[in-house]
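*Asks:* This structure is in structure tokens; I'll ask about it shortly.
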Amino acid sequence: MDAVNQSAAPVKDALTGFAETMTATLESLLPQSDGPESKLFEAMRYSALGSGKFLRPYIVRTAALMFDVPEERYLRAGAAVEMVHTYSLIHDDLPAMDDDDMRRGQPSCHIAFDEATAILAGDSLLTLSFEVLAGIKTHPDPQVRSDLVLTLAASSGGAGMVGGQMIDLESEHTAVDAALIARLETMKTGALISYSSAAGAILGQAGAGAIKTLETFGFELGLAFQITDDLLDVEGDEDDVGKKVGKDAEAGKATFVSALGVAGARDEARRVTDSALARLDMFGARADELRSVAEFVLARNN
Ligand code: GRG
């Protein structure tokens, strides 16, 4: 095993253990009802409690532990980003977007239920995420809760994930340079990961410099994550990845692989990861676990 994989392997095991904790947290936060709206809640639970990796909440947890944040607080901030992420996957799978029938190794939400229910389940997960962040159990200080809401809203909306998705759709079947691809992938995928690492510092009431540094770290890590996703779409195994592969080229998507080729994309993922790792220097050994997460992102096969 090489040095990179050695540092990534414990993260894979830790993620498996963390998934149980995160599933229990989401279980408790996702509504259940036997009333006339129960189909909506079933669809939300079906998608959110499927077999996601929970990488974003794990990054919230790992950054939060650098600032000794209590467990319940980081689990709630992690559940919030997982809800936004799950909403984005549900909507992305719809026929009007990427039109994917499989997600997380099971039929996509609109296949298991129907399109209208999938739209509503996504909408409801998005709003629930802010309800969770605004809840007093997330942090006793209202300023911290407000900062978390602000950061997640900015990361999710037009200047972040949704804006990135718009550029992605507009770039299909067009010649796009690596700079625009970096911008779209940083917004589409980096923004939520940026919230995740910054949330740890916000919860820990760290100084503005630490929050900003972790935000930048997250943007770069998110870009590295998306480049590995582009590579997995070309080289990955469908069973490992949990969805159809080869879809980017089929859909004429602008990715680092389409712009730089497989080897070029791999080099770029390493370069961006190294840049993200350099941001952590100011935290010394306190950031070691976060460094391992970055290596895991680069080495992942799903
Ligand atoms: C708001 C519709 C809408 C879309 C926003 C994020 C996004 C854009 C679309 C989702 C599909 C997609 C390819 C996103 C890129 C980010 C990405 C690689 C998601 C998959 O994340 P993982 O691997 O998934 O962490 P799990 O299932 O493990 O949570």
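Here the numbering used here is used: the first residue of the sequence shown is 3, the next is one more, and so on.
Cβ coordinates follow ideal geometry from the N, Cα and C atoms, glycine included.
In three-state DSSP terms, what is residue 302?
*Replies:* Within the sequence shown, residue 302 is the residue found at index 300, counting from 1. Coil.
*Asks:* Can you tell me which of the three DSSP states residue 105 falls into?
*Replies:* Here residue 105 corresponds to residue number 103 of the sequence shown, with the count starting at 1. Three-state result, residue 105: strand.
*Asks:* With a threshold of 6 angstroms, establish whether the CB of residue 182 neighbours any heavy atom of the ligand GRG.
*Replies:* The residue you call residue 182 lines up with position 180 of the sequence shown. Taking 6 angstroms as the cut-off, one finds no heavy atom of the ligand GRG near enough to the beta carbon of residue 182.
*Asks:* Classify residue 5 as buried or exposed, calling it buried when 16 or more other Cβ atoms lie within 10 Å of its own Cβ.
*Replies:* Here residue 5 refers to the residue found at position 3 when the sequence shown is read from its first residue. Its pLDDT being 45, under 50, residue 5 is placed unreliably by the model, and the measurement read from it follows with that caveat. Flag for residue 5 reads exposed.
*Asks:* List the endpoints of the continuous alpha helix (DSSP H) containing residue 153.
*Replies:* The residue given as residue 153 occupies position 151 in the sequence shown. Residues 144-158.
*Asks:* With distances taken between CB atoms, is the gap from residue 99 to residue 131 smaller than 7 angstroms?
*Replies:* By one-based count along the sequence shown, residue 99 stands at place 97. By one-based count along the sequence shown, residue 131 stands at place 129. Going by C-beta atoms, residue 99 is not nearer than 7 angstroms to residue 131.
*Asks:* Can you check which of these residues, 236, 289, 265, 269, is closest to residue 215 by C-alpha distance?
*Replies:* Counted from its first residue, the sequence shown places residue 215 at position 213. Minimum Cα distance to residue 215 is reached at 289.
*Asks:* Excluding five sequence neighbours on each side, which residues of the same chain lie with their C-beta closer than 7 angstroms to the C-beta of residue 113?
*Replies:* Working through the sequence shown from its first residue, we reach residue 113 at position 111. If we look at residue 113 and ignore the five residues flanking it on each side, its Cβ neighbours are 103.
*Asks:* Would you call the region 238-250 in contact with the region 202-216, where contact means no fewer than 3 C-beta pairs closer than 8 angstroms?
*Replies:* no
*Asks:* Could you check whether the Cβ of residue 18 sits closer than 6 angstroms to any heavy atom belonging to the ligand GRG?
*Replies:* Start at 1 with the first residue of the sequence shown, and residue 18 comes out as number 16. Every heavy atom of the ligand GRG is 6 angstroms or more from the Cβ of residue 18, so no.
*Asks:* Does the region 141-152 come close enough to the region 198-210 to have 3 or more Cβ pairs within less than 8 angstroms?
*Replies:* yes
*Asks:* Is residue 53 helix, strand or coil when you go by DSSP?
*Replies:* Mapped onto the sequence shown, residue 53 falls at position 51. Coil.
*Asks:* So, are the CB atoms of residue 88 and residue 50 less than 7 angstroms apart?
*Replies:* Residue mapping note: residue 88 aligns to position 86 of the sequence shown, counting from 1. Residue mapping note: residue 50 aligns to position 48 of the sequence shown, counting from 1. Yes, Cβ-Cβ distance for residue 88 and residue 50 is below 7 angstroms.
*Asks:* Counting only the same chain and skipping the five closest in sequence on each side, list residues whose C-beta sits under 6 angstroms from that of residue 45.
*Replies:* Walking along the sequence shown from the start, residue 45 turns up at place 43. The residues are 111, 115, 119, 123.
*Asks:* Can you tell me where the alpha helix (DSSP H) with residue 129 in it begins and where it stops?
*Replies:* Along the sequence shown, read from residue 1 onward, the residue named residue 129 stands at position 127. Residues 117-136.
*Asks:* Apply the 10 Å Cβ neighbour rule to residue 93 and answer buried if 16 or more other Cβ atoms are within range, or exposed otherwise.
*Replies:* Mapped onto the sequence shown, residue 93 falls at position 91. Answer is buried; the Cβ neighbour count reaches 16.
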